[in-house]
Ligand SMILES: [Zn+2]
């Protein structure tokens, strides 16, 4: 008998990890990091669902750290099996896990400085760059739609999730000793229809059990079609007053979407070409990986690429590597666009771009991602009169524009349409990866659509798949 237990992203949105026991083997679906309050997440991240040595295999849906960030820990603590992923996910993990390890090491160094001062014992980083390298070495790539063997009597294949480059849903077929078959489908994170560059999510396969994400189970977001014209309008307005446009953006995904839109607007002549600086080493590496995986592109991106030679660059785009180059961008007088990390303005090079821009009315700060409470990004969204950057107080005079439609998660309407086809056909649905209000809203919608059993599992809660 198969069993499914939830060890993360249970009534919350981070730490995605679900343990499947099938034919006597332990198989982990996603191995994500808990993010949020530091001490609490630290505790949760260090805990494994079982002895890693006993885990047979891992399958990951996509490269976001809340779905892969604990892989290095698993590898360090004795897991020696295969980590299955799509080819683009494997390549993105190589840079994103290295970046995550770097953050862990920096974090520990910072905390230890204070701890030494107070005569407290030093702490070890959650994991190191070497652990990240080890995890990536255990990854094995399988393309979309091709079945691969996970364990005896357990096969799986990936299907398009449309959420980020390489993102996939996972279809697992279990054949038990008596010959009975069961199909479990895990959606991973469900993307949106019409996201630039990426294909739309593929229809969900027929299944007996469904694990579905519910980040926006009860909320609708702005239409994607409006984004490009809105972006053009913001740029036009700012250039007319000779200002610069500063865009804090997450390095993987959001940055490439912006570059793609701008490249299209310059090519079509809707906007006069102006310099665009992509100022984040991780974004530079991630863009290279986007270029390596045209097999993940949608029809429009392929067409556009075949006409222009490159969808993510061109004469006006400069990928900034060194800190010196980054600083020289802030000294430029002419209008330009700067895309830099971090997305919530908490760290990274975005800080010195903001420091040189916020006090002038001619400039625009364009917010394209969610800004958590107590972050500098949130204070900018709330248009505080004064904001602190590097401990200095600055008057916020620049224009602030917020565009919400860049989310890469399906909203309530899209999740309903996506799951409706399985209503009445699938035995049990498990809703994960959502705050409880969002998961509950989706559960109500799905029950109304005819889904018989919809559960919102709690942390460590297990179910038999009979
Ligand atoms: Zn994701």
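Residue numbers (my numbering): 37 to 502.
The C-beta atom is built at its ideal place from N, Cα and C for all residues, glycine as well.
- Those residues that have a beta carbon less than 5 angstroms away from any non-hydrogen atom of ligand 1 are, in order along the chain, 100 and 225.
- The residues 55 and 498, in chain order, have a CB closer than 6 angstroms to that of residue 41 in the same chain once the five nearest residues on each side in sequence are set aside.
- Around the Cβ of residue 300, a 10 Å sphere holds 16 or more other Cβ atoms; the residue is buried.
- DSSP places residue 221 inside the beta strand (DSSP E), whose first and last residues are 217-222.
- Secondary structure at residue 99: coil, using DSSP grouped into helix, strand and coil.
- The residue from 404, 406, 405 and 423 with its alpha-carbon nearest to that of residue 412 is 423.
- The Cβ-Cβ distance between residue 444 and residue 132 does not fall below 8 angstroms.
- Non-local beta-carbon contacts of residue 287 in its own chain, meaning distances under 6 angstroms to residues more than five positions away in sequence, involve 316, 318, 319, 322 and 377 in chain order.
- The secondary-structure analysis by DSSP pairs residue 424 across a beta bridge with 429.
- Of the candidates 500, 460 and 475, 460 places its Cα closest to the Cα of residue 489.
- Assigned with DSSP and collapsed to three states, residue 201 falls in coil, not helix or strand.
- In this chain, residue 71 is not harboured by any alpha helix (DSSP H), its DSSP state being neither H nor E.
- Secondary structure at residue 284: strand, using DSSP grouped into helix, strand and coil.
- If you compare the alpha carbons of 388, 259 and 380 with that of residue 364, the shortest gap goes to 388.
- The continuous alpha helix (DSSP H) containing residue 127 extends over residues 123-153.
- Ranked by Cα distance from residue 66, the first of 355, 222 and 153 is 222.
- Checking the DSSP bridge columns, you'll see residue 245 partnered with 220 and 464.
- With fewer than 16 neighbouring CB atoms inside 10 Å of its own CB, residue 345 falls in the exposed class.
- Where residue 487 is concerned, there is no enclosing beta strand (DSSP E), because DSSP gives it neither an H nor an E.
- For residue 329, no alpha helix (DSSP H) segment is defined, and its DSSP state is neither H nor E.
- Straight-line measurement puts the Cα of residue 92 at about 14 angstroms from the Cα of residue 113.
- Within the segment 372-401, the complete alpha helix (DSSP H) segments of 4 residues or longer fall at 386-391, listed in chain order.
- Within the model, the alpha-carbon separation for residue 157 versus residue 144 is close to 12 angstroms.
- In this structure, the straight-line span from the alpha carbon of residue 82 to that of residue 361 is close to 38 angstroms.
- In the structure shown, the three-state DSSP call for residue 290 is helix.
- Take residue 219, set aside five residues on each side of it, and the residues of its chain with a beta-carbon closer than 6 angstroms to its own are 209, 243 and 244, in chain order.
- In the displayed model, residue 233 falls within coil according to three-state DSSP, outside both helix and strand.
- Secondary structure at residue 347: coil, using DSSP grouped into helix, strand and coil.
- DSSP places residue 306 outside any alpha helix (DSSP H), giving it a letter other than H or E.
- In summary, residue 464 is buried, with 16 or more beta-carbon neighbours lying within 10 Å of its beta-carbon over all protein chains present.
- Straight through space, the alpha carbons of residue 392 and residue 267 are spaced by roughly 22 angstroms.
- Contact annotation: residue 432 and residue 420 have beta-carbon atoms nearer than 8 angstroms.
- Shown here, residue 82 sits in coil according to DSSP, grouped into three states, outside any helix or strand.
- CA-to-CA, the gap between residue 141 and residue 147 works out to about 10 angstroms.
- With 16 or more other Cβ atoms inside 10 Å of its own Cβ, residue 399 counts as buried.
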